[in-house]
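Below is one structure; the comments refer to it alone.
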Amino acid sequence: MSDQPRRPRKPAKPYRRPQKDPVRMLAFEALRAVDERDAYANLVLPPLLRKAREKEGPDTFDARDAALATELVYGTLRRQGTYDAVIAACVDRPLREVDPPVLDVLSLGVHQLLGTRIPTHAAVSASVELARVVLGDGRAKFVNAVLRKVAQNDLDGWIEKVAPPYDDDPEDHLAVVHSHPRWVVSALWDALGGGRAGIEELLEADNERPAVTLVARPGRATTEELLREEAAVPGRWSPYAVRLSEGGEPGAVEAVREGRAGVQDEGSQLVALALANAPLEGRDEKWLDGCAGPGGKAALLAALAAERGAFLLASEKLPHRAGLVARALDGNPGPYQVIAADGTRPPWRAGSFDRVLMDVPCTGLGALRRRPEARWRRRPEDLDAFAPLQRGLLRTALDSVRVGGIVGYATCSPHLAETRAVVDDVLKQRPEAELIDARPLLPGVPDLGDGPDVQLWPHRHGTDAMYLALIRRTG
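With positions in the sequence shown counted from 1, the corresponding number in the working numbering is that position plus 11.
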């Protein structure tokens with residue numbers, strides 16, 4: 012037996028229970044909902060914020076906490092492609108082998124390190140603490156090791172490491188730098204018509220937080236009323252548009268709560284206004300919105316129709332979306348009707364309407380500022396799935412309008428396969444229809460191209476990338 016005295020053991024560190032950070036817990040829950048349920052952040056986040064305010068209390072979870080949670084969710088989703096490339100360079104396995112909840116915690120941490128002004132030590136420690144709460148101590152150590160590697164470079168330094176040089180592979184370079192799938196970069200570049208400056212400006216605009224835009228529904232609210240709100244400034248193009256500066260809350264606006272005004276992108280307003288103001292010979296009594304859900308354009312059209320004594324029929328295939336349309340139109344001063352019907356097999360008679368809007372289902376690539384997760388969810392094959400429906404709905408629109416009437420074909424996508432290709436294909440088979448120049452019907456809006464159709468852009472117009480073709484039935 013040894014005569015050496017035993018060394019006293021170091022006292023074990025007491026176990027510290029991980030601390031829950033309500034802001035980062037909320038952001039993590041939102042990302043999990045987007046990933047697991049294919050939810051959209053703009054639908055998931057508001058109820059989570061309300062729940063956090065109720066649970067924590069306004070003194071513990073205030074407006075700054077809500078703003079940080081919102082930034083963490085949207086910033087992480089917008090930059091997911093870039094952050095994935097950075098994380099892939101810091102782990103020893105393919106990203107597909109990293110558990111999705113772990114990847115969400117890492118992505119939130121990387122955004123705090125590379126996309127915010129949060130100090131490095133705070134970003135790492137807060138992320139590791141979140142990992143301890145939602146993943147356990149073992150995987151928290153993995154998160155800590157990865158984030159410490161990430162913290163060795165800033166965003167520009169990482170992009171230089173993980174993005175291929177522009178001259179070697181322009182599309183892949185832009186995809187990594189601006190966090191868009193390569194096929195989306197290619198499609199947007201084609202729609203713009205080439206040139207590096209334009210595509211970079213567009214991709215950058217897609218990653219910016221859009222302003223909240225309100226619409227004063229004619230006859231029910233005025234822009235003057237909305238502009239009395241503290242955070243309100245006039246819209247750029249639509250006479251009915253008012254933008255809320257950062258921090259403005261639509262739900263706090265009385266006219267919005269009462270349905271006299273609504274939240275509606277200015278590009279969407281311009282599409283409805285162009286159709287409503289297109290020159291028409293003869294009667295102007297019956298209008299149709301053939302794909303009316305969720306009801307923004309229908310509400311504006313109904314208000315404009317009411318001023319002229321015209322009737323609006325708002326049709327939406329899905330009953331729950333038809334319910335949203337009915338709520339949007341509730342209180343409209345003029346005659347209208349909302350129905351649930353399949354626009355490719357319409358229940359109305361041919362030639363019944365003077366004006367028809369078909370804002371067709373599409374990939375939504377024009378609204379990536381608002382729904383950043385859509386860029387990762389969509390696939391090139393989705394275009395093939397939408398194509399027959401889009402052409403069928405345009406044919407229905409042309410059948411539904413009277414001779415001399417106007418059809419507006421619209422999409423919230425700039426992809427050529429969803430815009431000009433659809434219009435050109437259908438008009439080849441319909442000699443009794445002709446395109447009219449839509450540009451004069453967007454007065455004051457610059458950079459509308461050669462016409463006769465119109466493509467709006469986030470980087471040029473500050474709107475969603477709405478497309479509009481106006482077609483007159485001539486026989």
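In this text, a Cβ means the ideal position worked out from N, Cα and C, and glycines have one as well.
Residue range of the beta strand (DSSP E) that Pro58 falls in? Where Pro58 is concerned, there is no enclosing beta strand (DSSP E), although the alpha helix (DSSP H) it sits in stretches over Ala52 to Glu67.
Please report the distance separating the alpha-carbon of Asp475 from that of Ala396. Each residue's Cα considered, the two are about 23 Å apart.
Runs of alpha helix (DSSP H) wholly within the region 283–365 (minimum 4 residues, chain order): 307–318 and 330–340
Pick out whichever of Gly270, Leu481, Trp468 and His470 has its Cα sitting closest to the Cα of Gly462. Nearest option by C-alpha distance: Leu481.
Leaving out five residues before and five after His470 in sequence, what residues of the same chain have Cβ atoms less than 8 Å from its Cβ? Gly209, Glu212, Leu213, Glu215 and Ala216
Measuring CB to CB, does Thr485 end up less than 8 Å from Glu445? yes
Could you tell me the distance, in whole angstroms, from the CA atom of Pro175 to the CA atom of Val187? Looking at the backbone, the Cα of Pro175 and that of Val187 are separated by about 8 Å.
Looking at Leu225: is its Cβ nearer than 8 Å to the Cβ of Val267? yes
Tell whether a beta-carbon distance below 8 Å holds between Arg413 and Gly354. no
One question on the structure: do Gly419 and Ala317 come within less than 8 Å of each other, judged by their Cβ atoms? no
Excluding five sequence neighbours on each side, which residues of the same chain lie with their C-beta closer than 7 Å to the C-beta of Ala41? Ala52, Val55, Leu56, Leu59 and Val84
Touching or not, the region 317–332 and the region 295–306, by the rule of three or more beta carbon pairs under 8 Å? yes
What do you get for Thr81, buried or exposed, if any count of 16 or more other CB atoms within 10 angstroms of its CB means buried? With 16 or more other Cβ atoms within 10 Å, it is buried.
Give the secondary structure of Pro451 by DSSP, where H, G and I count as helix, E and B as strand, and everything else as coil. In the structure shown, the three-state DSSP call for Pro451 is helix.
Taking 6 Å as the limit between beta carbons, can you name the residues of its chain near Gln348, skipping five residues before and five after? Leu324
Considering Cα atoms alone, identify which of Asp46, Val34 and Thr87 is closest to Lys62. For the residues Asp46, Val34 and Thr87, the minimum Cα distance to Lys62 belongs to Val34.
Between which two residues does the beta strand (DSSP E) carrying Val223 extend? Val223 to Ala227
Can you check which of these residues, Arg75, Ile170, Ala142 and Ala263, is closest to Gly92 by C-alpha distance? Ile170
For Val97 versus Val139, is the C-beta spacing smaller than 8 Å? no
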